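Residue numbers (the numbering used here), protein chains in the order written: chain A, 5 to 490; chain B, 483 to 916.
Below is one structure, written out as structure tokens; the observations come after it.
If you want it as structure tokens, here you go:
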């Protein structure tokens, strides 16, 4: 099996190519290290937040103190010292916040250009690539593009800290309504110390004219990133939203504990796509991001929420984007590609909670493990007693590359309704020798053949991504897995 | 809290343990004590223990159990046509009942006798196997069973011997008004090339009792065991069964379990495919009504390359019953060229019925083909319409479809006579007669 050895080496090389591993030298404004009520107060004060939000944070913090870290996921890591991290880091220049992109620290803009998010150019080239971007650097949002265009339609798209100042009534009404502060250990932590993130409100009947996007970047050392995203799609509206994530290469593990809440009111649709490429650590498992994320959406009548994720980064991924299908006839979807390599560990999946009548959900999860990595699909489909006529279809496929990795599938299927129908299928295999032989015989080099087959394996998911990002995601899959299947 | 009370299951343990068969023999005392000690630490599992997430034992833990006594009334064994005349061992309330049993005509060289007798006659045999397959681990009920090791059935089949007639093991529960518990332990050892067919019947007449059975099975190279089980305990009974198997090279283990009885029943099977070429077929059907909880939990551990496993389970749940299926397939690092397939299909027949399924794959080798499928739903309305359009009354049409559905699993039974016996029991369930 020389080909296998060779391909494993290639995968190794590919990860050396973590191209987002640079650090930007910027003067940072930080909270003192560690976590206490004072840290929470410090963050709240820095953000000039109203009293109710400080109370909300403190309540979450106090609740967090009573909780224990979840240990049920199939991931292993040394205990995290929550006192050994900074909970707030902002570029100094934030003190006098830029009024427009022209005033943004050029070093920051350079960073985003390196990441492939040329904020400035986009404003210039408006209409060529119709994407509005909110960029979050460590703990704060640094720039939001296309605001003016969006405002014409009444769409609010800004940093959540801005929304707290400008639209407190909306934030207060919806924040914590889908993921309560006491939901789980990491969600409680996030609620206490969240620093920024994006807020988006689409008014009734409005179809958002462009993709909305947030880029998250962890830059400072020993910093945790705790962003909070809240998207509210009012009745009959539509929005497609994408988030991308990168971080510098560092030897230490950094914590990222985000909370994302989606609210799709009657007849609304939210399409949420993630390309997660946090630094995964080196081949010995040194460094990398711990990605402990809570994502959940609430569907009212006839609403639809679709999660698409391409997970290639992070040392550890703990993430279960979920849909609460509360309204009758609502729809939830989950499309996922999770690629793990070297010593990465991923425990990811979804929850579909069918509450309303005739609710439907579809889960397509593709896991690819290489090197010494472990990848687990963990998902729950629950049909409540009133979910008459509800339907779920789940397909989980795992591909193994090399004999030192693991691929696991742990679905939970619970049905309390006779007329509900659940179908679940899972397969685990390696790339078949027949497929490889077929390609090789037609003169396709082994590496290309393997990439081709893997792309085919993921296609169902990748094609769900908005066009602008599908290319980027495909490239990512290529980098992580070039010629690595055998 | 991961443990609830122990429901008095170890009450007066020291006193009673001294009266158990074979007491005073060092290794046996040690084995029992180890079990008691472990159960003391574990208690009964609550739903916070992941393996017991879906089965609620609160009704079992609610009141203490006493020790089983001889039944007051006469007991009898209802006939079941197994094709050939079986060798029969009957246990009433956990104790061997010589009057109802018939073990005559067994071939020479075989050990086939009640465990309590084997503790006198075949000590060396027991000492080398008992407790070696069903290790305590964190298995609450194996620990409890080991603490009370007393009776059950011991079978040893020597090299190359095939036992043609089936061995029928009948466990009868009849406690009347007392709440009692017993813990049968079976040990089946098949030497290289040996073959046997075992039919276990767990039938209950009256009473609230706990039958906590453990079977330890060792299959040497090329051995084959066909193991069929009918669980039709009394309506208020608790039935917890643990079957643990070690399979050597080219050994074949076939299991079919039909569950219709008990208020709470759990059938757990764990097999280790330890050497290349071994295989297993685990199949079954669970048919529930009333407030029954019927739990099937399987673990197939592919520890060696070139092994095969397949599972087909079907469940039909009526009224307020609840079905649980947890099926885990593990493929270890060196178990290349593994083939493992699992299917669990459940039918909900009432608005109050419930099913929870957790099919799990845990794979550490790359050259494998593994899959699982699970479906939950109601009867196909198109099929129902088809039958009704042809003048078949609704109830009859439903009955036909349910039969056809359950047959999909029963057809997996390799032995024709036993297949038909199980089929007619499943049909009788529909008529409410089982």
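No residue lacks a Cβ here, since even glycine has one placed at the ideal position from N, Cα and C.
Quick caveat: nothing in here was measured; it's all calculated off a predicted structure.
Under the three-state reduction of DSSP output, residue 673 of chain B falls in the coil class, being neither helix nor strand.
Under the rule that a run must span 3 or more residues, the beta strand (DSSP E) segments found entirely inside the region 280 to 336 of chain A read 292 to 303, 308 to 315, 320 to 323 and 326 to 329.
Each of A:153, A:422 and A:258 was checked against the Cα of residue 214 of chain A, and the nearest Cα belongs to A:153.
In the DSSP assignment, residue 605 of chain B falls within the unbroken alpha helix (DSSP H) covering 605 to 611.
Look at residue 734 of chain B: its C-beta is not under 8 Å from any C-beta on chain A. DSSP places residue 443 of chain A in the helix class (H, G or I) of the three-state scheme. In this structure, the beta-carbon distance from residue 494 of chain B to residue 661 of chain B does not fall below 8 Å. Identification of residues in the region 419 to 430 of chain A having a C-beta nearer than 8 Å to some C-beta of chain B yields 419, 420, 421, 422, 423, 424, 425, 426, 427, 428, 429 and 430, given in sequence order.
By DSSP's assignment, residue 372 of chain A forms a beta bridge with A:343 and A:403. In this structure, DSSP gives residue 678 of chain B an extended state, which the three-state scheme calls strand. DSSP, reduced to helix, strand and coil, places residue 42 of chain A within a helical segment of the structure shown. Around the beta-carbon of residue 352 of chain A, 16 or more other beta-carbon atoms lie within 10 Å, marking it buried. Residue pairing from DSSP leaves residue 623 of chain B without any beta-bridge partner. For residue 454 of chain A, the three-state secondary structure derived from DSSP is helix. Contact note: residue 412 of chain A reaches chain B through 842, 843, 844 and 845, using a C-beta cutoff of 8 Å and chain order. Neighbours of residue 783 of chain B in chain A, taken as residues at a C-beta separation under 7 Å, are lacking, since the least C-beta distance is about 14 Å. The criterion of a C-beta distance shorter than 8 Å is not satisfied by residue 797 of chain B and residue 752 of chain B. In this structure, DSSP gives residue 868 of chain B a helical state, which the three-state scheme calls helix.
At a beta-carbon threshold of 8 Å, the residues of chain A lying near residue 815 of chain B are 407 and 408, ordered along the chain. With a 10 Å radius around the Cβ and a threshold of 16 neighbouring Cβ atoms, residue 181 of chain A comes out exposed.
The residue from A:397, A:238 and A:311 with its alpha-carbon nearest to that of residue 387 of chain A is A:397. Across the region 851 to 879 of chain B, CB contacts with chain A closer than 8 Å involve 851, 852, 853, 854, 855, 856, 857, 858, 859 and 860, in sequence order along the chain. According to the DSSP assignment, residue 190 of chain A belongs to the alpha helix (DSSP H) that extends over 189 to 197. Residue 827 of chain B and residue 232 of chain A have their C-alpha atoms roughly 41 Å apart. Secondary structure within the region 47 to 78 of chain A: the alpha helix (DSSP H) runs of 4 or more consecutive residues, fully enclosed, are 55 to 69 (chain order).
Look at the beta carbons and you see the region 522 to 529 of chain B not touching the region 604 to 617 of chain B: under three pairs across the two are nearer than 8 Å. Exclusion of the five residues before and after residue 896 of chain B leaves 708 and 736 as the residues of its chain whose Cβ lies within less than 7 Å of its Cβ. A residue is called buried when at least 16 other Cβ atoms come within 10 angstroms of its Cβ; residue 651 of chain B meets this threshold and is buried. Within the same chain, 385, 426 and 428 come within 7 Å of residue 417 of chain A by CB-CB distance, once the 5 residues on both sides are set aside. By the Cβ criterion, the region 628 to 647 of chain B is not in contact with the region 872 to 887 of chain B, since fewer than three pairs of Cβ atoms, one from each stretch, lie closer than 8 Å. Across the structure, residue 587 of chain B and residue 646 of chain B are spaced so that their CA atoms are roughly 12 Å apart.
Interface criterion not met: the Cβ of residue 448 of chain A is under 8 Å from no Cβ in chain B.
The Cβ of residue 417 of chain A sits closer than 8 Å to at least one Cβ of chain B. Residue environment: residue 854 of chain B is assigned as buried (16 or more neighbouring CB atoms within 10 Å of its CB, all protein chains considered).
For residue 183 of chain A, the secondary structure class from DSSP, reduced to helix, strand or coil, is coil.
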